[in-house]
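Accompanying notes for the structure given below.
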Amino acid sequence: MEEKLFDGAFYAKLSKLRMSNRVKLTMGLSGGRKSTQKGNSVEFSDFREYMLGDDIRKIDWNAYGRMNRLFVKLFQEEKEGNYRIYIDGSKSMDYGSSNKSIFARRIAGMFAYVALYNLDRVYLTQLRERNTVPGKGKTGRQAFSKLLVEMENMTFEGNTNLHESIRKCPISGRGVSIIISDFFQEEDLEPMLRYLAYQKQEIILVHVLANEEVTPDLEGHLNLIDMETQRDFRVSMSNQVLKVYDKTLKKFRGNMEKLARKYRAHYLYVNTKDGLDKIIELSKKSQIMDYKS
Amino acid sequence: MHFLSLLPFGLFILVPGIILLYILKQKSQDKDISSLYLWRETYKNIEASTPWEKLKNNLLMYIQIAVIISIILALAGPYIANMGKESKNVIMVFDNSGSMNALYNEKESRLDAAKKKAVEYVEQWGGQVNVTLLCSNQNTRVVLSNNKDTRKIKEAIYSLDSTDVEGDLNGSVSMVKSMAEQWDSYEALFFTDSSLNLGKINGNLVDVSSQKDNASIDYISCEYTKENEISGVAKVTNHGRENINGDINLYVNDKIVKIEKTGEIKPGENANVYFENIPLKNKEESIVICAEWNEKDALEADNRSYTQLGVGEKTKVLLISEQNIFLEKAILTMEQVDLYKANSIEAANETGNYDLYIYDGVTPDTLPEGNVVLINPTETEGSKEIFSYKEENKEGAVVNINPQSYTRLIDNDFSFGVGKYKVLKPRGNAEIFLKSKKDSLGFIVERKKGKVGVIAFDIHNSDFPLQTEYPILMNQLLGQMIKTELLSEKVITAGENYEINQVSYTKEKVGVYSVSGESVEGTKEETLVVNFPTGKESDLINEVVQSNEKNKKEQNNSIGIIGTINIKPYFIWIAFILVGIEWIAYLKWK
Chain A
2 MEEKLFDGAF
12 YAKLSKLRMS
22 NRVKLTMGLS
32 GGRKSTQKGN
42 SVEFSDFREY
52 MLGDDIRKID
62 WNAYGRMNRL
72 FVKLFQEEKE
82 GNYRIYIDGS
92 KSMDYGSSNK
102 SIFARRIAGM
112 FAYVALYNLD
122 RVYLTQLRER
132 NTVPGKGKTG
142 RQAFSKLLVE
152 MENMTFEGNT
162 NLHESIRKCP
172 ISGRGVSIII
182 SDFFQEEDLE
192 PMLRYLAYQK
202 QEIILVHVLA
212 NEEVTPDLEG
222 HLNLIDMETQ
232 RDFRVSMSNQ
242 VLKVYDKTLK
252 KFRGNMEKLA
262 RKYRAHYLYV
272 NTKDGLDKII
282 ELSKKSQIMD
292 YKS
Chain B
12 MHFLSLLPFG
22 LFILVPGIIL
32 LYILKQKSQD
42 KDISSLYLWR
52 ETYKNIEAST
62 PWEKLKNNLL
72 MYIQIAVIIS
82 IILALAGPYI
92 ANMGKESKNV
102 IMVFDNSGSM
112 NALYNEKESR
122 LDAAKKKAVE
132 YVEQWGGQVN
142 VTLLCSNQNT
152 RVVLSNNKDT
162 RKIKEAIYSL
172 DSTDVEGDLN
182 GSVSMVKSMA
192 EQWDSYEALF
202 FTDSSLNLGK
212 INGNLVDVSS
222 QKDNASIDYI
232 SCEYTKENEI
242 SGVAKVTNHG
252 RENINGDINL
262 YVNDKIVKIE
272 KTGEIKPGEN
282 ANVYFENIPL
292 KNKEESIVIC
302 AEWNEKDALE
312 ADNRSYTQLG
322 VGEKTKVLLI
332 SEQNIFLEKA
342 ILTMEQVDLY
352 KANSIEAANE
362 TGNYDLYIYD
372 GVTPDTLPEG
382 NVVLINPTET
392 EGSKEIFSYK
402 EENKEGAVVN
412 INPQSYTRLI
422 DNDFSFGVGK
432 YKVLKPRGNA
442 EIFLKSKKDS
452 LGFIVERKKG
462 KVGVIAFDIH
472 NSDFPLQTEY
482 PILMNQLLGQ
492 MIKTELLSEK
502 VITAGENYEI
512 NQVSYTKEKV
522 GVYSVSGESV
532 EGTKEETLVV
542 NFPTGKESDL
552 INEVVQSNEK
562 NKKEQNNSIG
572 IIGTINIKPY
582 FIWIAFILVG
592 IEWIAYLKWK
């Protein structure tokens, strides 16, 4: 029986989450997020002395009474946040007893849910080998159900070049780009990060691996077949080989982490067997999300 | 490095087998994975860190091949030649007794198998070992002495003949012991089918025995029951492990005359088979009778036993002498002779007829009919027809041989001294065989009713009896005077001696022989039958046991090679160590 993509437990977890204020936004339509720009809102930000041309309605008369000088109140302008969620649509994501594709969509759903409930705009895009269709921006809580339908209809095929696919999606203004992938690709990931950084994106790399990839339970002489390319590779398994594999995997993750640090990106590594709790924990640790108080 | 046997190398066929198994085993299973990205990286790391990693995948196979090779080499009996300080002297003793004719396998006899094994050893030594070959049955004979030439040694081994003689290798053990004293070190190899106590000698038995069933005819005994009718009995022994029941064929002069059933004979037991009242067409002077076991078994030579009937009666000799021990001894050297003695002529006249009369120091007035020998005769009426008396006691002389047919065994230069002798002149044609200058001291005169031999001196008054030629000459002379059988024995067991004219001979193979020789009557031909020594040689299911005083080990089949280092144990250890390594490797890399 196919695993249900989003269930009650999933929603229960999400209800208490919210995006952290750490992500600063300066552009976009008015929304529910505090912008670094000062503007018209109820959220007080600062005082400054009155200058000619200032709206006299914003003069703080109480302060004038105490100090006999004119001060105007500054208010933080509330802006709409842009969240771009990219799901790696390659065949390699459709792997594992606890399937990476399902887990990736749940993570995407989590981020989308939190963003939409913060009145932010969410662009969900599946990165495909060909015909990557940029997701349309969706906002409002009612958009979440549409995103879920979109995610449920996703198929995972072919071999995706993440950078090439992301470049096909137009990015305007600051925002947050969340890339959910196993990052198994021969091509260098740095150009992608460089591009996103250039586009003033706060980057979150969610590295999803199946447990079978972290601790492979393989033995004997095997002809390993790449699900994406159908190329094969003969391997004689042994303890030594598995040890080296483990080292290679750690090195791979280390390189990813280094790369993320270089572009001030968040790197969240998760094993599908650990579940969503792990990604929530990591998000909180990285101050991407926190619980509503 | 040399090897005792090349046969185990045939097992190298297993090596490609193992490789083939690995190739088949390595047919890898297809496994879908998300991406080869990490695996490629992994293998780059493996190759970079351990260059031998590629080998490691097949290391178990290499270890298994090495184990197989070690075992094969160990089985081949490897050794390094010319490494020891020991000298390289080997004494090979071949038992060629009767039982060695038994079948070792379907094709070859035990002796053939022994030769084959010995040749294998010799080839392995490659001309580096001094080999002495002895051949032993009841006697031990040196066939080849201290030789390194492989070709000559092999020729000598192949030239060894089989015999049907009873075996006793103890004599060879003594001979080996005395031969070995000349060397600092040596090794003796006894190729035999019998147990042997090697005492303190450094030797080993090479066992060529084979547990085979056998039956033997132990003897056949016959007698005339009527003029043209014989009866007899043959004894059959079952030396095998199962009951036997067969036929015994009776042959007379090679013609089958009767077949009798033996009945059931249990293992280790024997049965007598009787042949009664077998009619003969003609009564012959001498007949050869043979009993034959009609079934095929492991040893053929003991399936026949022979005897003869009609052998002549003994010759009667009368010696008239007061006392002449020299003469008595000389007469007793003759086979088939019954000696009668009388002190005086009167006493002699009271008895019957004899084939030969010997008068010592006395001469009757009338010579009896037949053959007579007169020693130191006196002048009587009877002697006048033989010789004339010239002188009574002539003083000493040197007596020489005057060659005759019966003196052929004596050197022509032979001479002896006589204190006193009588000068006699023979009448008619006399054969003079002893003379001194012109005097005839020994001669034979032919007369109508027999021969008369004369010796013209008292034997006691000469040094003739002290000479080694004395018994020979007397035997020949007396033999000339009487009819004798050529053969001393007419039925013998293989290896036993028979004599012709006092000379011993032997036959080593069973069968019927026609033997000819010079007798006093001229060239004569007689039949000799030779039987198999069934008592010791027919039992083929005895276990071979080697006793050795040095180490009380029994049945030590391992042959040490002189002057070499046996490296077989090292290969066995290597095989064990490799199996251990493989086990550890298997557990570690599983």
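Residue numbers (this note's numbering), protein chains in the order written: chain A, 2 to 294; chain B, 12 to 601.
Ideal placement from N, C-alpha and C gives every residue a C-beta, glycine not left out.
Given the structure is predicted, the values throughout are model-derived calculations rather than measurements.
According to DSSP, simplified to helix, strand and coil, what is A505/B?
A505/B: coil per DSSP, three-state reduction.
For the region 310-341 of chain B, list the beta strand (DSSP E) runs that are entirely contained and at least 3 residues long, ordered along the chain.
Qualifying beta strand (DSSP E) stretches, in chain order: 315-320 and 326-331.
Just to confirm the assignment, what range does the alpha helix (DSSP H) spanning T249/A have?
Element bounds for T249/A: N240 to K263.
So, is P171/A buried or exposed, given that buried needs 16 or more other C-beta atoms within 10 angstroms?
With fewer than 16 other Cβ atoms within 10 Å, it is exposed.
Short-range partners of chain A found in the region 44-57 of chain B, where Cβ spacing is below 8 Å
Here the close residues are I44, S45, S46, L47, Y48, L49, W50, R51, E52, T53, Y54, N56 and I57.
Answer with buried or exposed for M111/B, where buried requires no fewer than 16 other C-beta atoms within 10 angstroms of its C-beta.
Under this definition M111/B is a buried residue.
What three-state label does DSSP hand G274/B in the structure shown?
G274/B sits in coil when the DSSP states are folded into three classes, being neither helix nor strand.
Let me check one thing: in DSSP terms, what residues is P89/B bridge-paired to?
Secondary-structure assignment with DSSP links P89/B through a beta bridge to F14/B.
Does chain A have any CB closer than 7 Å to the CB of S81/B?
Using beta-carbon distances, S81/B does not count as an interface residue toward chain A, since no partner is under 7 Å.
Report the CB separation of N141/B from N158/B in whole angstroms; it is logged as a contact under 8 Å.
The C-beta separation of N141/B from N158/B comes to about 7 Å, placing the pair in contact by the 8 Å criterion.
With 16 other Cβ atoms within 10 Å as the buried cut-off, status of P278/B:
Looking at its Cβ environment, which holds fewer than 16 other Cβ atoms inside 10 Å, P278/B is exposed.
List the DSSP bridge partners of D227/A.
For D227/A, which the question treats as bridged, DSSP gives the partners I44/B.
Extent of the continuous beta strand (DSSP E) run through L489/B
Careful: L489/B lies outside any beta strand (DSSP E), inside the alpha helix (DSSP H) at E480 to M492.
For my contact list, L163/A and I180/A are in at a C-beta cut-off of 8 Å; report their separation, rounded to the angstrom.
About 7 Å separates the Cβ atoms of L163/A and I180/A, confirming a contact at the 8 Å cut-off.
DSSP bridge partner residues for I255/B (one or two, in chain order):
Beta-bridge pairing links I255/B to I276/B.
From L18/B, D160/B, C301/B and A358/B, pick the residue whose C-alpha is nearest to that of V133/B; which is it?
Among L18/B, D160/B, C301/B and A358/B, the Cα nearest to that of V133/B belongs to D160/B.
Who are the neighbours of A363/A on chain B, taking C-beta pairs under 9 Å?
Here chain A covers residues 2 to 294 and nothing more, so residue 363/A does not appear.
So the beta strand (DSSP E) L128/A belongs to, where does it begin and stop?
In the DSSP annotation of this structure, the continuous segment of the beta strand (DSSP E) that includes L128/A starts and ends at R122 to L128.
Considering only residues of the same chain and omitting the five flanking positions on each side of I570/B, which have a CB-CB separation below 6 Å?
Its pLDDT being 46, under 50, I570/B is placed unreliably by the model, and the measurement read from it follows with that caveat. Once the five neighbours on either side are set aside, the close Cβ partners of I570/B are N215.
Cα-Cα, which of D204/B, S45/B and D422/B is closest to V555/B?
Restricting attention to D204/B, S45/B and D422/B, the CA atom closest to the CA of V555/B is found in D204/B.
Give the DSSP-derived three-state secondary structure of G12/A in the structure shown.
First, the amino acid is wrong: residue 12/A is Tyr here, not Gly. In the structure shown, Y12/A falls within a helical segment according to DSSP collapsed to helix, strand and coil.
Return the residue from the list F157/A, A211/A and R107/A that minimises the CA-CA distance to L15/A.
Nearest to L15/A by C-alpha distance, out of F157/A, A211/A and R107/A, is R107/A.
Going by CA-CA distance only, name the one from M68/A, K74/A and R70/A that's closest to R58/A.
Looking at the Cα atoms, K74/A is the closest of the given residues.
Which partner residues does V540/B have in the DSSP bridge list?
Within the DSSP secondary-structure output, V540/B pairs in a beta bridge with V502/B and V523/B.
Between D189/A and chain B, is the shortest Cβ-Cβ distance under 7 Å, so that the two count as touching?
Not an interface residue.
Runs of alpha helix (DSSP H) lying entirely within the region 132-159 of chain A, each at least 4 residues, in chain order
Qualifying alpha helix (DSSP H) stretches, in chain order: 144-153.
Is V123/A closer than 7 Å to Y84/A when the C-beta atoms are compared?
A Cβ-Cβ contact shorter than 7 Å links Y84/A with V123/A.
At least 3 beta-carbon pairs within less than 8 Å: the region 110-127 of chain A vs the region 221-234 of chain A
Not touching, per the Cβ criterion.
Under the DSSP definition of a beta bridge, which residues are partnered with S558/B?
According to DSSP, residue pairing for S558/B in a beta bridge involves N208/B.
Looking at chain A, is there any beta carbon in it that lies within less than 7 Å of the beta carbon of Q40/B?
Cβ-Cβ to chain A under 7 Å: yes for Q40/B.
Buried/exposed call for K139/A, threshold 16 Cβ in 10 Å:
Under this definition K139/A is a buried residue.
Apart from the five residues on each side of it in sequence, which residues of its chain come closer than 6 Å, Cβ to Cβ, to K564/B?
For K564/B, the predicted model reports a pLDDT of 42, less than 50, meaning its position is unreliable and no value from the coordinates is stated.
Any Cβ of chain B within less than 7 Å of the Cβ of I281/A?
Cβ-Cβ to chain B under 7 Å: no for I281/A.
Cβ of Y12/A within 7 Å of any chain B Cβ:
No, its Cβ sits nowhere closer than 7 Å to a Cβ of chain B.
Do you know offhand how far N360/B's Cα is from I342/B's?
Cα to Cα, N360/B sits roughly 21 Å from I342/B.
Using 7 Å as the limit for Cβ to Cβ distance, is G33/A near chain B?
Low confidence applies to G33/A: its pLDDT is 48, below 50, so where it sits in the model is not reliable enough to give any reading.
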